[in-house]
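Quick notes on the structure that follows.
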Amino acid sequence: MHTTHFAAGQPGGSATTFPVDESLLNQDLYDAVNGKWATQATIPADHASTGGFMDLVDNIEHTLMADFDDLLAGKLAPANAEMAEFKKFYTLTRDFTAREQAGAAPLKPYLAKIEALKNFADLNAALVDFYREGIPTPITLSVDPDMKDTSNYALYVDAPNLILPDKTYYAKDNPAAKQLLPIYTQMATKLLTMVGYSTEDAAKLVDQTKQFDALIAPHVKSSEEAADYVKDYNPFPLADVAAKTDALDLTSAVTALLGATPDQAILPQPTYFDAIGDLLTPANFPLVKSWMLVKTVLGASGTLTEDFRQVGGTYGRALSGQKQARSQEKAAYYLASGYFSQVVGDYYGRKYFGEAAKADVRKMVLKMAGVYQNRLAANDWLSEATRQKAVVKLQKLTIKVGYPDKIDPLYAKFKVDTTKSLFDNAQAFDEIALAQHFGHWGHPVDREKWDMSANTVNAYYSPSNNEIVFPAAILQKPFYSLEQSSSTNYGGIGAVMAHEISHAFDNNGAQFDEFGNLNNWWTDADLAHFKDLSQAMIKEFDGIDFAGQKVNGKLTVSENIADAGGLSCALEAAKSAADVDLRAFFINWANVWRMKATTEYMQLLLSIDVHAPAKLRADVQVKNLDDFYTTFNVQPGDGMYLKPADRVKIW
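Below, the structure is given as structure tokens:
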């Protein structure tokens, strides 16, 4: 299911105050606010970036690791049965001696299953078990809300992920691939020798893996293509999809997994399935088998020994420019809290956020929604018919704040077996989660579920649920604090709230109705004008030089539309307050985007991330707002000046 997040990866603002360079406010807002911070900020060796989002992440990590040390020491009692199981699992992740003693032994039975395959008939016989166990296969299956009927689940049949971050990396003139593939090769070969393969066999397996990966690449979507996720909805009769390959009996596998045979399957990437018959040939079987082996070893590396974890992270660190791996202790915390994410989130939300803050923030969201509704009512380019539909969608918007009322029932099924290895327990949890996932089939969609835990520093809009979600972790300085002025809060959390509301009306969200169904509710003339305005937003960002590359306006358009709508709506709310201070509003908007990152990480995000770079989110959007010019006396010729005719105004 698609969700649109406020932040990508690890961008940043900061709660720490640094002097604003007054002379730069009309030349470069971001540098005026963050320049002094940037000169002294250092990126920790185990990070790809630093800044306010990352500061908040680090603070939460520090707080929860300290709390969970008390939990392990018996000084803190588990709040519930799920927390008691988390305690056992965290103990296993922290038992580094036991992990070293187990070595690669727990993984070997799974590798043996793949090794035993001699042809596609063997793979077909094992296929259902592989799906249940999470072993990589060349066709991925999932059960998610039907984009045209979101109260019910649909079967999605998709392509696997590539080795390189995006299909554009496979172009012959892309220099990044020449740097990255040798690092991947070295890492994967080393991991295979660590599980017992000879150097020669390991090299062959990795070479065949890369061969199969290269065969997949031309037939999958780029990040830019995938950003237009309305085009993911391509329903076909399941029989037609199954007929595209005789190597695997897809219908039988689906029927065994779901306990029923769906009439149709949705293909987010139909071109992959047009090619599947040419990919899954007897001649290619050795490549597929090697690919499955290598991906399985890589996927397991974080739950085995310290050497496995260090080697297994090499490629990821090269992608992001991160100089060293996290410490063993931090890695153990993230592994344990990753498996028990909603349990940890429930603990964090109740202890550090609470019901009173939940109610206060909810009021603020409702106020922002009210401002948005007034803006829709006053909109001068929508027809009355479309405007009424937009207001209905806004009024039906579900708002979730802080943390869920109850822990997802999945976690009650997680029972730790302390006589078994960490890998075996993690594998058991994976299988339980997969069984629940496929078990959704035939049941109504649970709209109470959260896609983020409360300790996540982010927020999101889900078009399929028509809901906005604000986890507790983002609801603190510099985004929100009772100690900050209303204008400062509106420049922070107010803009985040309105950003998420704006996603309901971005180029993707606007094509879903008030129930979250893919359904055009626009008049033809309104939709055509909206597409023209979207094109203006694409043009405003497209081709801007950044980190030695250029911004892709098409890839980032939905987030840029949401930023623009969010910022202008928050500005209006700030102006309605008695203590309005637009200087504080704009300065905090720039402050929350405070970020210093490795060149590699910035370049990676430019290739795959639907968000524009943090500095540009701060600088470009304010140029579209007339109030920015009067607040800082921005004149023609100044760096922050944009001609009125070029200012993009959508919502």
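Taking the numbering used here, the leading residue of the sequence shown gets 68, the next gets one more, and so forth. No residue lacks a Cβ here, since even glycine has one placed at the ideal position from N, Cα and C.
Who are the Cβ neighbours of residue i in its own chain at under 7 Å, not counting the five residues just before and after it?
{"i": "residue 497", "result": "201"}
{"i": "residue 622", "result": "290, 291, 294, 677"}
{"i": "residue 180", "result": "193"}
{"i": "residue 115", "result": "77, 387, 388, 389, 664, 665, 668"}
{"i": "residue 512", "result": "212, 217, 218, 219, 220"}
{"i": "residue 650", "result": "698"}
{"i": "residue 31", "result": "It is not possible to answer for residue 31, since the shown part of the chain is limited to 68 through 718."}
{"i": "residue 231", "result": "237, 244, 247"}
{"i": "residue 284", "result": "229, 234, 237"}
{"i": "residue 434", "result": "640"}
{"i": "residue 354", "result": "275, 278, 279"}
{"i": "residue 596", "result": "448"}
Which residues in the same chain have their Cβ closer than 6 Å to the Cβ of residue i, if we skip the five residues on either side of it in sequence?
{"i": "residue 123", "result": "524"}
{"i": "residue 88", "result": "99, 102"}
{"i": "residue 609", "result": "620"}
{"i": "residue 430", "result": "none"}
{"i": "residue 214", "result": "300, 585"}
Does DSSP classify residue i as helix, strand or coil?
{"i": "residue 496", "result": "helix"}
{"i": "residue 227", "result": "coil"}
{"i": "residue 209", "result": "strand"}
{"i": "residue 451", "result": "helix"}
{"i": "residue 220", "result": "strand"}
{"i": "residue 268", "result": "helix"}
{"i": "residue 501", "result": "helix"}
{"i": "residue 550", "result": "coil"}
{"i": "residue 585", "result": "strand"}
{"i": "residue 563", "result": "helix"}
{"i": "residue 613", "result": "strand"}
{"i": "residue 579", "result": "strand"}
{"i": "residue 203", "result": "coil"}
{"i": "residue 285", "result": "helix"}
{"i": "residue 545", "result": "coil"}
Taking 8 Å as the CB-CB cut-off, is residue i touching chain D?
{"i": "residue 320", "result": "The structure shown contains no chain D; it holds only a single protein chain."}
Start and end of the alpha helix (DSSP H) containing residue i?
{"i": "residue 478", "result": "Looking at the DSSP string, residue 478 is not in any alpha helix (DSSP H), and its letter there is neither H nor E."}
{"i": "residue 435", "result": "421-445"}
{"i": "residue 149", "result": "148-161"}
{"i": "residue 255", "result": "242-261"}
{"i": "residue 595", "result": "591-608"}
Starting from residue i, trace the beta strand (DSSP E) both ways and give me its first and last residue.
{"i": "residue 118", "result": "116-118"}
{"i": "residue 187", "result": "Here residue 187 belongs to no beta strand (DSSP E); instead the alpha helix (DSSP H) covers 187-200."}
{"i": "residue 465", "result": "465-469"}
{"i": "residue 528", "result": "527-529"}
{"i": "residue 176", "result": "Residue 176 -> not in any beta strand (DSSP E); alpha helix (DSSP H) instead, spanning 175-182."}
{"i": "residue 534", "result": "534-538"}
With a threshold of 8 Å on Cβ separation, who are the neighbours of residue i within its own chain once the five nearest residues in sequence on each side are excluded?
{"i": "residue 646", "result": "552, 553, 554"}
{"i": "residue 241", "result": "235"}
{"i": "residue 449", "result": "443, 457, 593"}
{"i": "residue 478", "result": "149, 152, 407, 409, 410"}
{"i": "residue 615", "result": "666, 670"}
{"i": "residue 318", "result": "305, 306, 309, 328"}
{"i": "residue 631", "result": "569, 604, 688, 691, 715, 716, 717, 718"}
Within 10 Å of its beta-carbon, does residue i have 16 or more other beta-carbons around it, so buried, or fewer, so exposed?
{"i": "residue 182", "result": "exposed"}
{"i": "residue 641", "result": "buried"}
{"i": "residue 344", "result": "exposed"}
{"i": "residue 465", "result": "exposed"}
{"i": "residue 583", "result": "buried"}
{"i": "residue 416", "result": "buried"}
{"i": "residue 709", "result": "buried"}
{"i": "residue 452", "result": "exposed"}
{"i": "residue 502", "result": "exposed"}
{"i": "residue 732", "result": "Residue 732 lies beyond the residue range present for the chain, which begins at 68 and ends at 718; the question has no answer from this structure."}
Can you tell me whether residue i sits near the ligand HEM, meaning its C-beta is under 7 Å from at least one heavy atom of the ligand?
{"i": "residue 559", "result": "Ligands displayed in this structure: none; no statement on the ligand HEM is therefore possible."}
Just to confirm the assignment: which complete alpha helix (DSSP H) runs, minimum length 4, are found wholly within the region 620-656?
624-643
3 or more residues per run - each beta strand (DSSP E) lying fully within the region 80-145:
List check, beta strand (DSSP E) in window: 116-118.
Please go through the region 351-413 and give each complete alpha helix (DSSP H) segment of 4 or more residues, from N-terminal end onward.
352-367, 373-379, 381-387, 395-406
Could I get the ranges of all uninterrupted alpha helix (DSSP H) runs contained in the region 643-717, with 4 residues as the minimum, in chain order?
649-659, 666-675, 681-689, 693-698
Could you tell me which whole alpha helix (DSSP H) segments of length 4 or greater appear in the region 289-351?
290-293, 305-309, 317-325, 337-346
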